[in-house]
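>
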Amino acid sequence: MTTITKLCFLPFAITVLAACQNAASNSGANSETGTTNANIEKATTTPMVDFKASTKSFPREEKNRRQWDAPVVADLDQDGYDDLIINDHGFAIRVMWNNRGKFSKPYDVLMGDSHGVSAADFDADGNVELIISRGGGSGSNARNSKIYQVSKQRQFTPLADFNEPLAMMRGRTVKFVDIDNDGDLDLLNFAFPSREKKGKSENYLYENTDGELTLKATLPASFVDGQKVLITDFNQDNLVDILMYGHGAIKAYQGTGNFSFTDVSDAIFPFKLKDVTSISEIDYDNDGDFDLFFTRGKDFNAGENFYNKKLNAWGFYNKRGAFDINHLQAGEVLTIENLQSQWPNKALHLGESAYDYQFSGETHSGRNLKLDSSDVLGFPDTLNNPEKKGTYIGYIGNRNWRIAGNIWSPSTGILRQLEKAPQGAQYIVEQDELSGLADIMLENRNGKFVDASKALNLDFDTHTTGATVADIDNNGFSDLVITVRGYLVTQNKALVFLNNGQGFEQVSEHNIVMNELGAIGMGISSMDVNLDGAMDLIIGQERGKWHLFNNHGANNAGNYLSVEVGNSPKNATSPLGALVTVTACGNAQVKRLGATSAAYSNGAQRYLHFGLGGCEQVDTLTVTWPDGEKLTIAKSAVNQNLKAGS
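Mind the numbering: the sequence shown is residues -18 to -1, 1 to 628 in mature numbering (1 follows the signal peptide of the UniProt record, and there is no 0), read in order.
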């Protein structure tokens, strides 16, 4: 990639740091002193999409696990490289440290059942804090969220409870956000509703007063898993608005100041939005307001199963009750891959005596095994033994097997080398063979929305689980990368839509493919892992693995600008939620620091990335902090120090 000399500047002093050699050397950037740094690079102008799966710089565990939400991006140790927080649901919250573009092996922070995660310096002590929403054991073990202070030496120190401890709950969503525009970070802390509350809201809003979080207000009660949240500002009044989804139709709560909100769902949306799996704010047309992109899909139904003849693989999905799969024709050996069911139903009981299969090692992740028919002859007369919860497997003769049980939480698995497809299986060859639900792009028109999906070439039908907004080809317009639910027995390929300024064009050849069988699509985040100006992708597969896909196509695409926002110069306002507007060659882009499609979590990425296309100069750069403080850097101040390079 050819470059021009990078410009690194401190906007408040308007000085050039001659020592700046690359994006990694932003030692002048300081989130504690109110500085904003930018880097400009030039490349050729032939856009392409070329991602490659990374293993050397992403030493993940080669285990298939149940996971949660999108990965969270935040520079926890403040070394200039964004780190990753990943959630292996029910197992551990883990951090993968970013060592100058190469990640460490996952480091365990908190073991056990956890959900939403948020990272920010909420108490203004100079260290990033990590809050983790802990699950409540389906109501039997209500707990409050736990907060850790993260030092620049990568040490985690648990913080004591506040004078009024955070509420005990079946924790789901935690997001730091400046709700009252006073410059510090408050907290959304939402729970899966408990029966004991008898309909009383557990959607808590906590106010930050000098680092002490105290309960200030609640949003109306939600039901089942309706605690998924996008924090946005759909009417551009600089007050926080909240979209809540996950059960029934989306609710839009418009902020009116001082922790109060009004339900305006029917007033701003053209129709009721249901079956939403994620929401992303995206200024797709660069008109200065945020449009909304909705991924939509349904979960598998209990008993759904799929057969891929090409791979001779059969996948099943069971939950919430009894199942009985008879006459599985597999011959004398049954091969099972990525079998997952959770405690207390994860035991396997074999043959007519229902003896327990002894697994070696941990059993939280997906399990692979082969069963010899001679070792599992017959089937028990009854499956109602309360001491034998789990899955029963037996060889019933004539080359046939039987699998049955009574499972509460979802149970999945893959059977290989069957002699024929089970009766009632849906035949699948490619992931897009079965239709699903339509994703939706709503264009923002003065705080109200109209459906622009078809006009923008986004009218496709499938079951999708998440999306990330990023300019992956550096042409100056935000693109979409979307994760798909999949069908257990096929590879899972992401959907990529490039934004050309007039609409979106789907790109089919991009190499963003996850190959593990038995996995279900989940969340996605984007970040510039190695600060080379190309936005990379981190994808989590429910019941599968975490994946890093490095972006090689952007190295042959347009120029880019990387901006770091610190605390505001006057009021020392937190940068989380700050808006950055960049104008170059007449094209204006606006992005929000911390924006994510994660349903339960929130990050605090260090840098905001702007593609510039063929532009080599920035006209203006404006930062607006959540409390309204604003700083604009004029064209002359930015470009007077640009010098041509090689």
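Cβ atoms here follow ideal geometry from the backbone N, Cα and C, with glycine treated the same way.
(1) Assuming R381 contacts A312 (C-beta within less than 8 Å), just tell me the rounded distance between them.
(2) Using the three-state DSSP reduction, which class does S391 fall into: helix, strand or coil?
(3) In the DSSP output, which residue or residues are listed as bridge partners for P202?
(4) Classify M226 as buried or exposed, calling it buried when 16 or more other Cβ atoms lie within 10 Å of its own Cβ.
(5) Taking 6 Å as the limit between beta carbons, can you name the residues of its chain near I264, skipping five residues before and five after?
(6) Using the beta-carbon count (16 or more within 10 Å), is K475 buried or exposed?
(7) Taking the Cβ atom as the reference point for each residue, do D608 and N163 lie within a distance shorter than 8 Å?
(8) Pick from R82, K87 and D51: whose alpha carbon is nearest that of E44?
(9) Checking contacts by CB at 8 Å: is F33 closer than that to chain C?
(10) Opposite Y469 in the DSSP bridges: which residues?
(11) Nearest by alpha-carbon distance to K527: which of K38, D57 and D70 is it?
(12) What residue from H346, N126, T394 and K179 has the CA that sits closest to D281's CA?
(13) Just reading off the beta strand (DSSP E) that A101 is part of, what are its end residues?
(14) Could you tell me which residues DSSP puts in a beta bridge with M226?
(15) From which residue to which residue does the alpha helix (DSSP H) around A249 run?
(16) Just mark K612 as buried or exposed, buried being the case when its beta carbon has 16 or more other beta carbons within 10 Å.
(17) Below 8 Å on the Cβ atoms is my contact criterion, and I expect N456 with L594 to pass it. Report the Cβ-Cβ distance as a whole number of Å.
(18) Do A580 and N268 have their C-beta atoms within less than 8 Å of each other?
(19) Please list, in chain order, all residues of the same chain as N533 whose beta carbon is under 8 Å from its beta carbon, the five residues on each side excluded.
(20) Is the closest heavy atom of the ligand GDP to the C-beta of V54 under 7 Å?
(21) Ignoring anything shorter than 3 residues, give me the beta strand (DSSP E) runs that lie fully in the segment 316 to 367, in order along the chain.
(22) Look up N537 in the DSSP assignment and say whether it is helix, strand or coil.
(23) In this structure, does DSSP put I615 in helix, strand or coil?
(24) Does the Cβ-Cβ distance between W79 and D59 come in under 8 Å?
(25) Please work out which residues of its chain come closer than 6 Å, Cβ to Cβ, to W383, disregarding the five sequence neighbours upstream and downstream, and give them in chain order.
(26) Per DSSP, what are the beta-bridge partners of R384 in this structure?
(27) If I'm right that N156 touches V99 with Cβ under 8 Å, what's the distance once you round it to whole angstroms?
(28) For H71, list the residues DSSP reports as bridge partners.
(29) Rounded to the nearest angstrom, how far is the Cβ of V466 from that of G503, given a contact under 8 Å?
(30) Is the Cβ-Cβ distance between E146 and Q131 less than 8 Å?
(31) Do you know offhand how far N388's Cα is from S507's?
(32) Output needed for G279: all residues of its chain with C-beta closer than 7 Å, excluding positions within five of it in sequence on either side, in chain order.
(33) Go ahead and pull the three-state DSSP assignment for R48.
(34) By the 10 Å Cβ neighbour count, where 16 or more other Cβ atoms means buried, how is G297 classified, buried or exposed?
(35) For P53, count neighbouring C-beta atoms within 10 Å of its own C-beta (all shown protein chains included) and say buried if the count is 16 or more, exposed if not.
(36) Pick helix, strand or coil for K370, following the three-state DSSP scheme.
Reading from the atomic positions:
(1) Taking the first residue of the sequence shown as 1, we reach residue 381 at position 399. Taking the first residue of the sequence shown as 1, we reach residue 312 at position 330. At roughly 7 Å, the Cβ-Cβ gap stays under 8 Å, so R381 and A312 are in contact.
(2) For the purposes of this step, residue 391 is taken as the residue at position 409 of the sequence shown. In this structure, S391 counts as coil in the three-state DSSP scheme.
(3) Position 220 of the sequence shown holds residue 202. DSSP, once it has assigned bridges, lists no residue as partnering P202.
(4) On the sequence shown, position 244 is the one that residue 226 refers to. Answer is buried; the Cβ neighbour count reaches 16.
(5) In the sequence shown, counting from the first residue as 1, residue 264 sits at position 282. Closer than 6 Å at Cβ, skipping near neighbours: D273, F275, V451 and S460.
(6) If you number the sequence shown from 1, residue 475 lands on position 493. Buried: at least 16 other Cβ atoms inside 10 Å.
(7) As a working note, residue 608 is residue 626 in the sequence shown. As a working note, residue 163 is residue 181 in the sequence shown. The sequence shown places Pro at residue 608, not Asp. Yes.
(8) As a first step, residue 44 is located in the sequence shown; it is residue number 62 there, counting from the start. Ranking R82, K87 and D51 by Cα distance to E44 puts K87 first.
(9) Absent here is chain C; the protein component of the structure consists of one chain.
(10) Walking along the sequence shown from the start, residue 469 turns up at place 487. DSSP, once it has assigned bridges, lists no residue as partnering Y469.
(11) One-based indexing of the sequence shown puts residue 527 at position 545. K527 has its Cα closest to that of D70, out of K38, D57 and D70.
(12) Mapped onto the sequence shown, residue 281 falls at position 299. When only C-alpha atoms are compared, the closest one is T394.
(13) The residue labelled residue 101 in the question sits at position 119 within the sequence shown. Residues S96 to A102.
(14) As a first step, residue 226 is located in the sequence shown; it is residue number 244 there, counting from the start. In the DSSP output, where bridge partners are listed per residue, M226 has V211 and K233.
(15) As a first step, residue 249 must be located in the sequence shown, where it is residue number 267. It spans S247 to I250 - the alpha helix (DSSP H) in which A249 sits, taken as one unbroken run.
(16) Position 630 of the sequence shown, counting from 1, holds the residue named residue 612. Flag for K612 reads exposed.
(17) Here residue 456 refers to the residue found at position 474 when the sequence shown is read from its first residue. Here residue 594 refers to the residue found at position 612 when the sequence shown is read from its first residue. About 7 Å separates the two Cβ atoms, so the contact holds.
(18) Against the sequence shown, residue 580 aligns to sequence position 598. Against the sequence shown, residue 268 aligns to sequence position 286. Cβ distance not < 8 Å, so A580 and N268 don't count as in contact.
(19) On the sequence shown, residue 533 is found 551 positions in, with the first residue counted as 1. Excluding sequence neighbours, N533 sits near D32, F33, I454, A516, M517, D518 and L519.
(20) Annotation note on the ligand GDP: not contained in the displayed structure, which lists no ligands.
(21) 330 to 332 and 349 to 354
(22) Start at 1 with the first residue of the sequence shown, and residue 537 comes out as number 555. DSSP places N537 in helix when its eight states are reduced to three.
(23) Working through the sequence shown from its first residue, we reach residue 615 at position 633. I615 falls in the strand class under three-state DSSP.
(24) Within the sequence shown, residue 79 is the residue found at index 97, counting from 1. Within the sequence shown, residue 59 is the residue found at index 77, counting from 1. Contact flag set, yes.
(25) Taking the first residue of the sequence shown as position 1, residue 383 is located at position 401. Excluding positions up to five away in sequence, the list reads L310, A312, L316 and Y377.
(26) For the purposes of this step, residue 384 is taken as the residue at position 402 of the sequence shown. For R384, which the question treats as bridged, DSSP gives the partners G376.
(27) For the purposes of this step, residue 156 is taken as the residue at position 174 of the sequence shown. For the purposes of this step, residue 99 is taken as the residue at position 117 of the sequence shown. Asn is not the amino acid found at residue 156; the sequence shown has Val there. Correct: roughly 7 Å between the Cβ atoms.
(28) Numbered from its first residue, the sequence shown carries residue 71 at position 89. Paired residues: none, contrary to the question.
(29) Position 484 of the sequence shown, counting from 1, holds the residue named residue 466. Position 521 of the sequence shown, counting from 1, holds the residue named residue 503. So it is a contact: roughly 5 Å between Cβ atoms.
(30) Translated into the one-based positions of the sequence shown, residue 146 becomes position 164. Translated into the one-based positions of the sequence shown, residue 131 becomes position 149. No, the pair does not count as a contact, with Cβ atoms beyond the cut-off.
(31) One-based indexing of the sequence shown puts residue 388 at position 406. One-based indexing of the sequence shown puts residue 507 at position 525. Going from the Cα of N388 to the Cα of S507 covers about 36 Å.
(32) For this step, residue 279 is matched to residue 297 along the sequence shown. D257, T259, G418, L419, H445, T446, T447 and R467, listed in sequence order.
(33) Taking the sequence shown and counting its residues from 1, the one referred to as residue 48 is at position 66. In the structure shown, R48 sits in coil (DSSP, three-state: anything other than H, G, I, E or B).
(34) Translated into the one-based positions of the sequence shown, residue 297 becomes position 315. Buried.
(35) Mapped onto the sequence shown, residue 53 falls at position 71. P53 comes out buried.
(36) As a working mapping, residue 370 is identified with position 388 in the sequence shown. Coil at K370, not helix or strand.
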